[in-house]
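Protein chains in written order, with the numbering used here: chain X, 1 to 112; chain R, 1001 to 1376; chain Y, 2001 to 2352. Backbone N, C-alpha and C define an ideal beta-carbon position, used for all residues, glycine too. Remember, it's a predicted structure, so these values are computed and weren't measured experimentally. Below is one structure, written out as structure tokens; the observations come after it.
The structure is reproduced here in structure tokens:
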């Protein structure tokens, strides 16, 4: 049977930049460069060869591109980014609030 | 989906969009270029233009490797694969790219052995499963994909695989950005920087854009929140008169890049003195070829290449659209002779190409008379 | 595709210009439509402008019948959730159901590849018999041909289905009006992705099953609750929901707006689509259907589906509007939007 799989034109289907986060479930016992990665219930075999300098372990999240792990995903940085995003607009709101108090109240604010 | 859904949170998107509206000076018109085809695609897929104020214009850059591949290279590869003992293996995106005598898929319909692979490792597997045939892997992509090809070459050599070779079309992103900035017709205020290329090359290679060209550049992720946050960061820099490289995609992109990936590339590739980019012409030091030590796995060394050069029809204005000088709809052939089903030019061929993305996701929206309003 | 119109007398005007048939012509998307409209319609349906539906409603000597035909080419023959035999029976019944008919009988044509193992064939015959019995449908006959080894991927099945018209419902894209709601019976994408994974060419696995089933019980419930308000129905097989809805938009000349966050998709399908760069809206389904229902009946329609076994995940996913005329627009919660076109090319050949 031929490995025929004529994936043609799919609006949205370009592999060149397509990279997706996945969680490492298991490193292959016979090959430390091969891991099974989970993407919401889809399990995919991924090559870890590009992460030799800092190999991920089971439970780590990695960015997958054409079957290779390109980078570890930093949970700390992701959460940091989330915090920054959640605060968007709040800084401005806080500044406006302070302006609204006027100078006389500045001491009160510094005391609190 | 973790690390995906959070970055598609409608509330965060709305908040970022409001911050953009607040930061954008109503008396200014901002021209920001997203270099990477994946960003072009994400912008359309998530309908982000709908949430940006009208004075922010997103210009699509040349970061679509299929779009900038000269047709002659496909012809060359297909001429090797015309031999019945050769299997032509490539990513799905390549399958419908037209050569002079048809696309790989059309050649398959006429009897050529053409296989889709999702990874260069699949191509090696094919070679092992078909010892009587030679597998030609059509490698394409920027620095995001080149390391995977590099590792594959290393593997092929260490395993002594003889029926496998790579037809290498990898190109590098910096010369493409330089070509944009050198273009006299181009006026840009800042760059939404490549995301996945940067996981490999890091952020340093962009420093000259900030220092010499005085343009801010923010390395950006691919989710809607990433794109909007990057625009916030660009506007903030512009407001302060700054021009620096920032990394918005910190959770994935290391500032120093991926050393192991760069090592693998250095081991297996070297820069070609020049390479032709469809729509942009010849650019020096902009593409990779396989090193002589790996010549046995280099299709161009193993086989005779006709070296076909094909010029695009004059009416196709791909070059100008590629450089962001023209919008897709401004090309005379757009949506008439040139459609995703019958692509004339490079930018309609790949779904990341600005013409294809615009056609698929956008151009009929322009016909809307009344405003759509928000979801129920 | 079927039409009840009479043959025109004028010489057929062929609009199909392509020199040979490609895989894309069978994908269910744009190319398929060009073939059908450009080559088949001129010969079969003459000057008729009747839109092509899933089944034809014929009036023969006073008897009202629905008739449809379908072919099944699937690789692999057996996959999680079903097999080609099940697709054949369910698919035929679904075409009848969504045309507003009760499936009554099918005839089965088999094209078998020389070398096909008897136990494999027997399993499919058993499956066909079981599926028909479960649905209360008679197998009225069949035909068998054998072709050389190397053709037919094991087996191809072709069916013709007959049904009686359901009272109180008449589906016609011309009856669709702005303000009508779009209802989907359940999650999309399961079948196509299951087949793709079952081929084993990807280094990918998941816990997915084909959604193949007869949707007649759901259609019946819908018609009972909302019959006078049901304007159009279709089962989105090849080409997915996007293709079916684009066809509707073209046929009725109105616009379709879908709300992305309301479209049900199983996580594993979503993951596979993200990994492969596919859109669930373009993936084939074998156990779902779309319905356009007048807004005053929409709530009742949805409730009827959700309270019928198998319809729990039914959702209202969009509505008909004046604009964008002829197109399908998908909207996000944050106000972003994108056009979704009919399928171009063939992302997943031989899936149903």
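_Identity of the residues DSSP links to residue 1169 of chain R by a beta bridge_ = Counting from one through the second chain, the residue named residue 1169 of chain R turns up at place 169. Answer by DSSP bridge pairing, in chain order: R:1140.
*Along the stretch 2267-2291 of chain Y, what residues have a CB closer than 8 Å to any CB found in chain A?*
Note that chain A does not occur in the displayed structure, where the protein chains are X, R and Y.
*asked:* Between residue 1170 of chain R and the ligand NAP, is there a pair consisting of the residue's CB and a ligand heavy atom that are separated by less than 7 Å?
replied: As for the ligand NAP, it is missing from this structure, which has no ligand bound.
_I'd like to know whether the C-beta of residue 2332 of chain Y is nearer than 8 Å to at least one C-beta of chain R._
Here residue 2332 of chain Y is taken as the residue at index 332 of the third chain, counted from 1. For residue 2332 of chain Y, the answer is yes, since a Cβ of chain R falls inside 8 Å of its Cβ.
*asked:* For residue 55 of chain X, which residues in the same chain have their Cβ closer than 6 Å to its Cβ, ignoring the five residues on either side in sequence?
replied: In the first chain, residue 55 of chain X corresponds to position 55, counting from 1. Here the set comprises nothing.
*Using the beta-carbon of each residue, which ones in chain R are nearer than 9 Å to residue 2202 of chain Y?*
Numbered from 1 along the third chain, position 202 holds the residue referred to as residue 2202 of chain Y. The answer, in chain order, is 1118, 1122.
_With 16 other Cβ atoms within 10 Å as the buried cut-off, status of residue 1265 of chain R_ = Mapped onto the second chain, residue 1265 of chain R falls at position 265. By the neighbour-count rule (16 or more Cβ atoms within 10 Å), residue 1265 of chain R is buried.
*Leaving out five residues on either side along the sequence, give the residues of the same chain with a beta carbon under 7 Å from the beta carbon of residue 4 of chain X.*
Residue mapping note: residue 4 of chain X aligns to position 4 of the first chain, counting from 1. Caution is warranted here: a pLDDT of 26 is assigned to residue 4 of chain X, below 50, making its placement in the model unreliable, and the coordinate value is therefore given only provisionally. The answer is none, since no qualifying residue turns up.
*Taking the beta strand (DSSP E) that residue 1334 of chain R falls in, what are its first and last residues?*
If you number the second chain from 1, residue 1334 of chain R lands on position 334. Careful: residue 1334 of chain R lies outside any beta strand (DSSP E) and carries neither H nor E.
*Label residue 1356 of chain R either buried or exposed according to how many other C-beta atoms from any shown protein chain fall within 10 Å of its C-beta, with 16 as the threshold for buried.*
Here residue 1356 of chain R is taken as the residue at index 356 of the second chain, counted from 1. Buried: at least 16 other Cβ atoms inside 10 Å.
_Can you check which of these residues, Y:2191, Y:2212, Y:2248, is closest to residue 2270 of chain Y by C-alpha distance?_
Along the third chain, read from residue 1 onward, the residue named residue 2270 of chain Y stands at position 270. When only C-alpha atoms are compared, the closest one is Y:2191.
_Check whether chain X comes within 8 Å of residue 2322 of chain Y, counting only Cβ atoms and requiring the distance to be less than that._
Mapped onto the third chain, residue 2322 of chain Y falls at position 322. By this cut-off, residue 2322 of chain Y is not an interface position.
*Determine the closest residue to residue 2215 of chain Y out of Y:2087, Y:2110, Y:2127, Y:2239, with distance taken between C-alpha atoms.*
Numbered from its first residue, the third chain carries residue 2215 of chain Y at position 215. Among Y:2087, Y:2110, Y:2127, Y:2239, the Cα nearest to that of residue 2215 of chain Y belongs to Y:2087.
*What runs of the beta strand (DSSP E), each 3 residues or longer, lie entirely inside the stretch 1237-1318 of chain R?*
1245-1247, 1269-1271, 1274-1277, 1281-1284, 1288-1290
_Limits of the alpha helix (DSSP H) - the one that residue 1120 of chain R falls within_ = In the second chain, residue 1120 of chain R corresponds to position 120, counting from 1. 1120-1129 is the extent of the alpha helix (DSSP H) around residue 1120 of chain R.
*asked:* Please identify the residue among R:1243, R:1361, R:1085, R:1021 whose C-alpha is closest to the C-alpha of residue 1132 of chain R.
replied: Counting from 1 along the second chain, the entry for residue 1132 of chain R is found at position 132. Cα-wise, what sits closest to residue 1132 of chain R is R:1085.
_Contact list for residue 2205 of chain Y against chain X, beta-carbon separation under 7 Å_ = Position 205 of the third chain holds residue 2205 of chain Y. Neighbours of residue 2205 of chain Y on chain X, chain order: 43.
*Could you tell me whether the Cβ of residue 1044 of chain R comes closer than 8 Å to any Cβ of chain Y?*
One-based indexing of the second chain puts residue 1044 of chain R at position 44. Judged by the 8 Å Cβ criterion, residue 1044 of chain R is in contact with chain Y.
*residue 1282 of chain R classed as buried or exposed, judged by whether at least 16 other C-beta atoms fall within 10 angstroms*: As a position in the second chain, residue 1282 of chain R is number 282, starting the count at 1. The residue in question, residue 1282 of chain R, is exposed, as its Cβ has fewer than 16 Cβ neighbours within 10 Å.
*For residue 1013 of chain R and residue 1172 of chain R, the rounded distance between their alpha carbons*: Stepping through the second chain from its first residue, residue 1172 of chain R is reached at position 172. Stepping through the second chain from its first residue, residue 1013 of chain R is reached at position 13. The alpha-carbon atoms of residue 1172 of chain R and residue 1013 of chain R are separated by roughly 32 Å.
*Looking only at C-alpha atoms, which of Y:2343, Y:2337, Y:2341 sits nearest to residue 1052 of chain R?*
As a working note, residue 1052 of chain R is residue 52 in the second chain. When only C-alpha atoms are compared, the closest one is Y:2337.
*Nearest-angstrom Cα distance between residue 1262 of chain R and residue 26 of chain X?*
By one-based count along the second chain, residue 1262 of chain R stands at place 262. By one-based count along the first chain, residue 26 of chain X stands at place 26. About 26 Å.
*asked:* Determine, for residue 2233 of chain Y, whether the minimum Cβ-Cβ distance to residues of chain R falls below 8 Å.
replied: Walking along the third chain from the start, residue 2233 of chain Y turns up at place 233. Judged by the 8 Å Cβ criterion, residue 2233 of chain Y is not in contact with chain R.
_For residue 2091 of chain Y, report the span of its alpha helix (DSSP H) as first-last._
Residue mapping note: residue 2091 of chain Y aligns to position 91 of the third chain, counting from 1. Its alpha helix (DSSP H) spans residues 2084-2098.
*Output yes if chain R places a C-beta closer than 8 Å to the C-beta of residue 2336 of chain Y; else output no.*
Here residue 2336 of chain Y refers to the residue found at position 336 when the third chain is read from its first residue. Chain R, which has a Cβ nearer than 8 Å to the Cβ of residue 2336 of chain Y, makes this yes.
_My output table needs one value for residue 2333 of chain Y: the three-state DSSP class, helix, strand or coil._
Counting from 1 along the third chain, the entry for residue 2333 of chain Y is found at position 333. Looking at residue 2333 of chain Y - three-state DSSP - the assignment turns out to be coil, as it is neither helix nor strand.
_Contacts of residue 1109 of chain R in chain Y (Cβ-Cβ under 8 Å)_ = Start at 1 with the first residue of the second chain, and residue 1109 of chain R comes out as number 109. Here the neighbours are 2020, 2022, 2023.
*Give the residues of chain Y in contact with residue 1364 of chain R, contact being defined as C-beta atoms less than 7 Å apart.*
In the second chain, the residue the question calls residue 1364 of chain R occupies position 364. In chain order: 2324, 2327, 2339.
_Meets three-Cβ-pair contact criterion under 8 Å: the stretch 1138-1146 of chain R and the stretch 1088-1103 of chain R_ = yes
*Which class does residue 1088 of chain R belong to by DSSP, given the choice of helix, strand or coil?*
Walking along the second chain from the start, residue 1088 of chain R turns up at place 88. Correct three-state label for residue 1088 of chain R: strand.
*asked:* Could you compute how far the alpha carbon of residue 2265 of chain Y sits from the alpha carbon of residue 2185 of chain Y?
replied: Locating residue 2265 of chain Y in the third chain gives position 265, where the first residue counts as 1. Locating residue 2185 of chain Y in the third chain gives position 185, where the first residue counts as 1. In a straight line, the C-alpha of residue 2265 of chain Y is about 12 Å away from that of residue 2185 of chain Y.
*Can you tell me which of the three DSSP states residue 2164 of chain Y falls into?*
Start at 1 with the first residue of the third chain, and residue 2164 of chain Y comes out as number 164. Here residue 2164 of chain Y sits in strand by DSSP.
*Check the Cβ-Cβ distances between residue 2344 of chain Y and every residue of chain R, and say whether any is below 8 Å.*
As a first step, residue 2344 of chain Y must be located in the third chain, where it is residue number 344. Output row for residue 2344 of chain Y: interface = yes.
*With 16 as the cutoff for other CB atoms within 10 Å, does residue 79 of chain X come out buried or exposed?*
In the first chain, residue 79 of chain X corresponds to position 79, counting from 1. It is exposed - the Cβ of residue 79 of chain X has fewer than 16 other Cβ atoms within 10 Å.
*Check distances from the C-beta atoms of the stretch 1198-1219 of chain R to those of chain X and list, in chain order, the residues that come in under 8 Å.*
1199, 1200
*asked:* Can you check which of these residues, R:1352, R:1098, R:1180, R:1072, is closest to residue 1309 of chain R by C-alpha distance?
replied: Residue mapping note: residue 1309 of chain R aligns to position 309 of the second chain, counting from 1. Of R:1352, R:1098, R:1180, R:1072, the residue nearest in Cα terms is R:1072.
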